[in-house]
Amino acid sequence: MDSSQRFPRLLQLTAHAWRLAIDRRLKESGLSMNSWLAIATLASESEPMTQKALAQVLGLEEASMVPLIDRLVAQRLIERLQPEEDRRKRLLIVTAEGWAVFEKVKVEADRLRGELLTDIDRNELAIAQRVLQQLLDKTGTL
1 MDSSQRFPRL LQLTAHAWRL AIDRRLKESG LSMNSWLAIA TLASESEPMT QKALAQVLGL
61 EEASMVPLID RLVAQRLIER LQPEEDRRKR LLIVTAEGWA VFEKVKVEAD RLRGELLTDI
121 DRNELAIAQR VLQQLLDKTG TL
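If you read the sequence shown in the UniProt record's numbering, its first letter stands for residue 1, the second for the next number, and so on.
Here it is as structure tokens:
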């Protein structure tokens, strides 16, 4: 198998392993990586997002987004708001409890990222990031 054939498999395996490592680290918080990413994404936006927009950013189907949002609402980490101008939309915002969880979990996620990347040469990491960004740009999905 040449490197161009091996690359997609390594990319998939690495993404999966990273996800599992974060899930293990976040287990005590009661959040999965998808839950954490949803809260982190909403927390980083200056305006509330729709469920559809959040699903697109996270790369999830809208159908799988609904149960995720339902769980986060039940945990009081996010709220759904219905804007007066469009009663079909549901906007998502992080609650005060969600912000507290976000801040706590962010510390753990940052620590894990540091542990995973600590022995990787900064120049090689920069190259890997450029390659991944180029691939992401070429796919045109985000």
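Here a beta-carbon is modelled for each residue, glycine too, at the ideal position from N, C-alpha and C.
- Shortest Cα-Cα distance from Leu37 to any of Leu13, Gly59, Phe7, Arg80 involves Gly59.
- CA-CA distance, Thr139 to Gln12, rounds to 15 Å.
- Non-local C-beta neighbours of Glu61 in its own chain, meaning closer than 8 Å and more than five positions away in sequence, comprise Ala55, ordered along the chain.
- Shortest Cα-Cα distance from Leu91 to any of Glu97, Glu45, Leu116 involves Glu45.
- Sorting Asp86, Leu77, Leu81 by C-alpha distance to the C-alpha of Thr95 places Leu77 at the top.
- Between the alpha carbons of Ser35 and Gly98 lies a distance of about 11 Å.
- Annotation: Leu10 to Val131 spans about 14 Å, alpha carbon to alpha carbon.
- The residue among Thr50, Leu26, Gln5, Gln129 with its C-alpha nearest the C-alpha of Glu103 is Leu26.
- Each residue's CA atom was taken as its position, placing Lys106 and Ala126 some 22 Å apart.
- Between Ile93 and Glu79, the gap from beta carbon to beta carbon is short of 9 Å.
- If you check the CB distance, Gln75 and Gly30 come in under 9 Å.
- By alpha-carbon distance to Lys89, the top candidate from Leu136, Met1, Ala53 is Ala53.
- With distances taken between CA atoms, Ala109 lies nearest to Ala21 out of Gln5, Ala21, Thr14, Phe7.
- Under the criterion of beta carbons closer than 8 Å, Ile69 and Gln51 qualify as touching, at roughly 6 Å.
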